[in-house]
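Q:
Residue numbers (this note's numbering), protein chains in the order written: chain D, 1 to 286; chain U, 1001 to 1286.
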């Protein structure tokens, strides 16, 4: 089934368009993880977070970098985290920001979003190498029903240096990226009218989001940058469509590292559950 | 020791500025790999390639995607391939094209180029997220002596859609990337006058390489796109400096898949050795 259709169903079931990011950064882990082998600590911590968020949000977003940092066994842990999230009925979006060409892009696509391998529900991608770096993912996504979120405009301060720079034709670079994606977006539209090819659009740039929304009416926006990075709930309106769909709003550290003093997995789950409920309310009040 | 200094020493020892790319694509493996478990086939194939190229080139470039495609144990194979390459005296550049911000960029940097983890000699990066996506790698590289190659201008046809597009200020996007990198390039210059921060510059665009060379006189260029993608040896001159340094020229499939009919690791090594020697001659005749 088309990713956008599955996402919409899950947003309706959970009653929220929120994403919880899973960035297992050992230096921020609660006290009960101290002394555990890193791979065990990460798996147990992620399970405590997933237990808490599964009833509240449709989708989680593990960050590949923190699993890669665990060394050669890191992706075994990632695979277990994914399996546990799916058991709990969550969609799983791998934040990997991959970008390469031809046979290499195909290898990444087959690794992460084909039915034969990890089979993540969706993945984030980087557009800098051009349309031929995205097309192999579109082909695999058509077969597997996976989703793609291509970085258009990130929430970091440095995003302005390239992404927001004006092109000779007047529009900023991120709008050229949107233009480049348009035919691929249209080729992945599901039965609800939304495409499985979405874009990353940082919460810190609402006026730019309005431009993106005009150009890509059928795309879901993955919206990072709320909280720590300064995004504001009232400005979230620009990212959604009038039907209340079209965006998923992400929070990682604000939720998962809310309880450094937790002394058990259960205490972590309780704190993460409270923080997630608050985040869901903020996003609902947009 | 600074990566650029180590690279120059190795280029002089081997007498060539060539890079052999290691893209272990199971669908292209020779007949002797048939029937082996994928992880065994990849490791044995990579060892046969490394045995052949070690006396001839200073550096090899494993492509992360093909190891990721092996599934959760893929990076164990990558780690063994790196260890074997280093035993043979080769420098190892991980082609991973990572790009993310703040704590995530730091996690990638610590995963791949710090002394405490995989400890690759160098890694490729994607600049689209801005300077704050490169800076964490520069910090780790200063401590570990690793090298960085940031994508400026790739060799694929789609590179023109974004990378070669003109900015409002007149220059193409890849030159804006070079401008953004300049202070970081200068912060990593070694004792031979070259920086550990280089750029990827596709062989298919020699006139653009001349522009890049003017902007970044202290950077090594990693030059893919010879052979299959249509790059021409005579145009390689634009990528090098008058001292004969400043570029490393990469070939992957043209070398490693030259002998589909090889019936033993030894036959693969012999064929790869011949193909590497030919490539070294072509690059020397520039």
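Cβ coordinates follow ideal geometry from the N, Cα and C atoms, glycine included.
Source: prediction; values computed, not measured.
(1) Within 10 angstroms of its Cβ, does residue 1040/U collect 16 or more other Cβ (buried), or is it exposed?
(2) Does any residue of chain D bring its CB to less than 7 Å from the CB of residue 1097/U?
(3) Mind listing which residues of the stretch 118 to 131 of chain D have their C-beta closer than 8 Å to chain U's C-betas, in chain order?
(4) Mind checking which residues open and close the alpha helix (DSSP H) that includes residue 1184/U?
(5) Excluding the 5 residues preceding and the 5 following residue 1277/U in the sequence, name in chain order all residues of the same chain whose CB lies nearer than 7 Å to its CB.
(6) Which runs of the beta strand (DSSP E) at least 3 residues long sit entirely within the stretch 1122 to 1170 of chain U? Give them in chain order.
(7) Consider the Cβ of residue 1166/U: report whether some Cβ of chain D lies at a distance smaller than 7 Å.
(8) If distances are taken between C-alpha atoms only, which option among 32/D, 23/D, 13/D, 7/D comes closest to residue 265/D?
(9) 7 Å is my cut-off, CB to CB: does residue 1186/U come that close to chain D?
(10) Can you tell me whether DSSP reads residue 1069/U as helix, strand or coil?
(11) So, is residue 213/D buried or exposed, given that buried needs 16 or more other C-beta atoms within 10 angstroms?
(12) Please identify the residue among 69/D, 177/D, 194/D, 255/D whose C-alpha is closest to the C-alpha of residue 1115/U.
(13) Based on Cα-Cα distance, which residue from 1133/U, 1091/U, 1071/U, 1128/U lies nearest to residue 1108/U?
(14) What residues in the stretch 170 to 181 of chain D bring their beta carbon closer than 8 Å to a beta carbon of chain U?
(15) Along the chain, which unbroken stretches of the alpha helix (DSSP H) at least 4 residues long are found entirely within the stretch 88 to 122 of chain D?
(16) Check whether the Cβ atoms of residue 1262/U and residue 1030/U sit closer than 7 Å, and answer yes or no.
(17) In whole angstroms, give me the CA-to-CA distance for residue 1161/U and residue 180/D.
(18) Flag residue 82/D as yes if its beta-carbon sits less than 7 Å from any beta-carbon of chain U, otherwise no.
(19) Which one of 118/D, 89/D, 195/D, 206/D has the shortest CA to CA distance from residue 217/D?
(20) Pull out every residue of the stretch 1010 to 1026 of chain U whose Cβ sits closer than 8 Å to any Cβ of chain D, in chain order.
(21) Quick one: residues in its chain with C-beta nearer than 6 Å to the C-beta of residue 1270/U, no 5 flanking neighbours on either side, listed in chain order?
(22) Which residues, in order along the stretch 133 to 165 of chain D, keep a beta-carbon less than 8 Å from a beta-carbon of chain U?
(23) Residue 171/D and residue 209/D - do their beta-carbons sit closer together than 7 Å?
(24) Let's see if you can read the secondary structure: which residues bound the beta strand (DSSP E) around residue 219/D?
(25) Got a sec: which bits of the stretch 250 to 277 of chain D sit with their beta carbon under 7 Å from any beta carbon on chain U, in order along the chain?
(26) Along the chain, where does the beta strand (DSSP E) that runs through residue 241/D open and close?
(27) Closest to residue 14/D by C-alpha separation, out of 88/D, 156/D, 135/D, would be which residue?
(28) Determine which residues share a DSSP beta bridge with residue 1251/U and list them.
(29) Are at least three pairs of beta-carbons, each pair with one atom in the stretch 77 to 92 of chain D and one in the stretch 1130 to 1144 of chain U, less than 8 Å apart?
A: The short version:
(1) Exposed is the call here.
(2) Residue 1097/U counts as touching chain D.
(3) Listed by position along the chain: 118, 126, 127, 128, 129, 130, 131.
(4) Where residue 1184/U is concerned, the enclosing alpha helix (DSSP H) stretches over 1173 to 1186.
(5) Closer than 7 Å at the Cβ level, and outside the excluded window around residue 1277/U, lie 1056.
(6) Here the runs fully enclosed are 1122 to 1125, 1147 to 1153.
(7) True, the Cβ-Cβ gap to chain D drops below 7 Å.
(8) The shortest CA-to-CA distance from residue 265/D to any of 32/D, 23/D, 13/D, 7/D is the one to 32/D.
(9) Look at residue 1186/U: its C-beta is not under 7 Å from any C-beta on chain D.
(10) The three-state secondary structure of residue 1069/U, taken from DSSP, is coil.
(11) By the neighbour-count definition (other C-beta atoms within 10 Å, threshold 16), residue 213/D is a buried residue.
(12) Closest by C-alpha distance to residue 1115/U, out of 69/D, 177/D, 194/D, 255/D, is 69/D.
(13) Put simply, of 1133/U, 1091/U, 1071/U, 1128/U the residue whose alpha carbon is nearest the alpha carbon of residue 1108/U is 1133/U.
(14) Listed by position along the chain: 170, 173, 176, 177, 180.
(15) Those alpha helix (DSSP H) runs which fall completely within the stretch 88 to 122 of chain D and span 4+ residues are 102 to 112.
(16) Yes, they are a contact pair.
(17) Linking residue 1161/U to residue 180/D through their CA atoms gives a straight-line distance of about 8 Å.
(18) Taking 7 Å as the CB threshold, residue 82/D stays off the interface with chain U.
(19) That would be 195/D, whose Cα lies nearest to the Cα of residue 217/D.
(20) Listed in sequence order: 1023, 1025.
(21) Shown here for residue 1270/U: not one same chain residue has a beta carbon closer than 6 Å to its own, the five before and five after excluded.
(22) Look at the stretch 133 to 165 of chain D: the residues with a C-beta under 8 Å from a C-beta of chain U are 133, 151, 154, 156, 157, 158, 159, 160, 161, 162, 163, 165.
(23) Not a contact, by the Cβ cut-off of 7 Å.
(24) Start and end: 219 to 223.
(25) Hits within the stretch: zero.
(26) Taken as a continuous stretch (DSSP letters only), residue 241/D belongs to no beta strand (DSSP E), as it is neither H nor E.
(27) Of the residues 88/D, 156/D, 135/D, the one whose Cα lies closest to the Cα of residue 14/D is 88/D.
(28) According to DSSP, which records beta bridges pairwise, residue 1251/U is partnered with 1020/U.
(29) A contact is defined here as three or more CB-CB pairs under 8 Å, and the stretch 77 to 92 of chain D fails this definition with respect to the stretch 1130 to 1144 of chain U.
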